[in-house]
Each structure stands twice: as structure tokens, then as C-alpha cells.
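Reviewing the structure listed below.
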Amino acid sequence: MSSTSHSTRDELLSLTGELIRGAEARGAPVRALGGLGIALRAPEANPLLQRGFADVDLAAGKKSRRQVTEAMEEAGLEAEPEFNALQGSRRQIWWTPDRATHVDVFLGEFAMCHRLELDGRLPPDHQALAAADLLLMKLQVVELNHKDVTDAAALLSTHRLEGHDGEGSINRERIIDVLSGDWGFYTTATDNLEKVPDLVSAMDPELGRQVAETAAQIRAEVEEAPKSRAFKLRARVGRRKRWYEIPDESIT
């Protein structure tokens with residue numbers, strides 16, 4: 008890695024590939040998420056929606072702790088010892104030796120403002136998580152920042168809403184399944200699906216229109232889908248009670 012304070016995009020992509028290969032050599036699939044994952048899924052996004060990223064965020068299976076640890080150590084990374092000792096079965100933090108870059112690994116689930124199960128959601132044929140999961144991770148953010156908006160818009164403007172995962176596809180079944188079972192997640196996500204197109208339109212009206220079209224389609228299909236009993240019970244309480252967690256740290 009570079010000895011400067013920030014790693015370059017190419018260095019981060021190279022490190023990501025090295026860590027994925029190292030874990031897979033040990034039988035543990037690992038996939039990229041966050042800004043880097045979205046860049047891998049939507050390389051053709053409008054330049055207004057493309058951005059740099061400072062760190063590496065990865066997802067692995069719930070039972071992959073040992074293999075992930077071995078892959079990180081082999082790559083020369085240094086653990087955040089106290090955090091990994093306390094949280095390492097669900098999430099690990101690692102650093103490059105120069106402390107320029109940290110690697111955040113989520114094991115089996117992604118938990119920030121809302122919780123997203125990841126076991127069984129690691130694509131066999133791509134370095135990044137599926138677009139539906141990458142989008143859900145951005146839509147679960149209660150207080151959107153500019154990076155969240157551009158990342159969500161990059162996916163919404165380059166991917167079709169379809170009934171399966173795949174190149175160029177947002178899996179509507181995955182989105183509906185997650186949001187129809189969790190009123191809190193649904194509330195945050197649908198709020199954001201309303202906000203993001205307007206924020207993108209302020210940058211570029213035509214781009215905002217493209218984003219709005221897919222966002223509206225997702226909202227309509229989620230609204231029409233049957234909801235779980237837990238969803239309906241929590242909906243009765245509504246916004247009178249906080250429906251999200253306050254995360255310790257957001258990903259990049």
C-alpha cells in the first residue's frame with residue numbers, strides 16, 4: 008500500500024481482490040460492499056455518481072471467522088484487537104500496516120440502522136454483493152449523506168428491477184422479502200426512495216428522472232406486497248417510537 012495518508016482507488020481494488028482470493032482459497036466466499044462494491048457493480052454510472060472511497064468493506068458468511076482472520080493476516084493486515092475480541096463473530100476491523108486504510112468485514116449480517124441477513128447472499132460469480140443487497144444497505148441509512156445518495160442513484164440508474172439477481176439486475180423479490188417483514192426497515196427505505204430522486208435532480212434533472220422511475224417502481228411493488236404479522240404489529244406503533252438503531256460507524 009502507499010505510504011501516503013490515503014490509498015488510491017487502484018490500490019483498494021487490488022487489496023480487495025487479494026483478500027477475496029485469500030478467503031476463497033480457504034473455502035470462505037467474501038464479497039465487497041459499500042462504495043467499492045457499488046463501483047464494481049455499476050462501473051458505467053454517470054460521472055456525477057462516481058466517487059472515490061477510502062476503505063474496504065467486505066461481507067463473509069457467519070461461520071467464516073477463522074478463514075477471514077487467516078486471509079487478513081496473510082495479507083499483512085493488523086487487527087483492531089479490542090473490537091475484534093468483542094465483536095469478531097459478527098464484525099471485524101483490520102488495518103493496513105501504515106494505518107492508511109481499514110478493512111471492515113461483516114460476518115453473516117450487516118447491522119447499522121437496520122439489520123440485513125447476508126448468509127446465502129454471497130454471489131458465486133462476482134466480487135461484489137448483489138445489487139439488491141447493496142441498494143438495501145444504502146436505503147437503510149436514516150441520515151443520508153451525499154455518498155449514500157450518489158451510491159443509491161448509481162444502482163437505480165444503471166440496473167433494471169427484475170425477479171432475480173444478476174448482472175444489471177436489482178432483485179425485486181429480495182427487496183420485497185426484506186421490507187415486507189420489517190416495518191422499521193421499510194419505513195427508512197421508502198423514505199429514502201422518495202428523497203433520493205429529488206436530491207439527484209438537483210445535480211442533473213434527467214438523471215433524477217431515471218432514478219425516480221426505478222425508485223417509484225420499487226416503492227409501488229413493496230407497497231402492494233403482503234406484509235408479515237410482525238410488520239403489521241409494529242406499524243400500529245408507527246413513528247411514535249424510534250424504529251432504527253443508531254450505528255457506531257457508517258461504512259464508506
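First residue of the sequence shown: 8, per this note's numbering; consecutive thereafter. Yeah, the Cβ is synthetic: ideal placement off N, Cα and C, and Gly gets one too.
C-alpha gap between residue i and residue j, whole angstroms
i	j	result
Leu1	Ala49	In the structure as shown, the chain begins at 8 and stops at 259. Residue 1 is therefore absent and cannot be evaluated.
Leu143	Gly68	18 Å
Lys234	Gln224	18 Å
Gly115	Arg226	27 Å
Asp17	Thr23	10 Å
His153	Thr108	21 Å
Ala112	Arg98	The sequence given here has Val at residue 112, not Ala. When rounded, the distance between both Cα atoms is 5 Å.
Ser12	Ala232	Unreliable placement is indicated for Ser12, whose pLDDT of 41 sits below 50; the coordinate value is still reported in the next sentence. Approximately 48 Å between the Cα atoms of the pair.
Cys120	Val110	20 Å
Ser21	Val148	28 Å
Gly83	Trp190	42 Å
Arg249	Leu141	24 Å
Val203	Phe90	33 Å
Gln217	Gly173	20 Å
Beta carbon of residue i nearer than 8 Å to that of residue j
i	j	result
Val229	Thr197	yes
Tyr251	Thr165	no
Val159	Lys145	One detail in the question is off: residue 159 reads as Ala in this sequence, not Val. Yes; because the gap between Cβ atoms is below 8 Å, this pair is in contact.
Ala138	Leu123	no
Glu87	Pro104	no
Gly95	Arg72	yes
Inter-residue CB distance, residue i and residue j (contact presumed, cutoff 8 Å)
i	j	result
Ala39	Asp64	7 Å
Residue-chain proximity (residue i, chain D), Cβ-Cβ < 8 Å
i	result
Gly41	Chain labels in this structure do not include chain D; a single protein chain is all it has.
For the pair the segment 14-29 and the segment 75-84, tell me if three or more CB-CB distances fall below 8 Å. yes
Quick test of the definition: if touching needs 3 or more C-beta pairs under 8 Å, does the segment 51-62 touch the segment 115-130? no
Note down, one range per segment and in chain order, each alpha helix (DSSP H) of at least 4 residues found wholly within the segment 207-256. 212-231 and 236-244
In chain order, what are the residue ranges of uninterrupted alpha helix (DSSP H) at least 4 long that sit wholly in the segment 29-100? 41-48, 72-81 and 88-94
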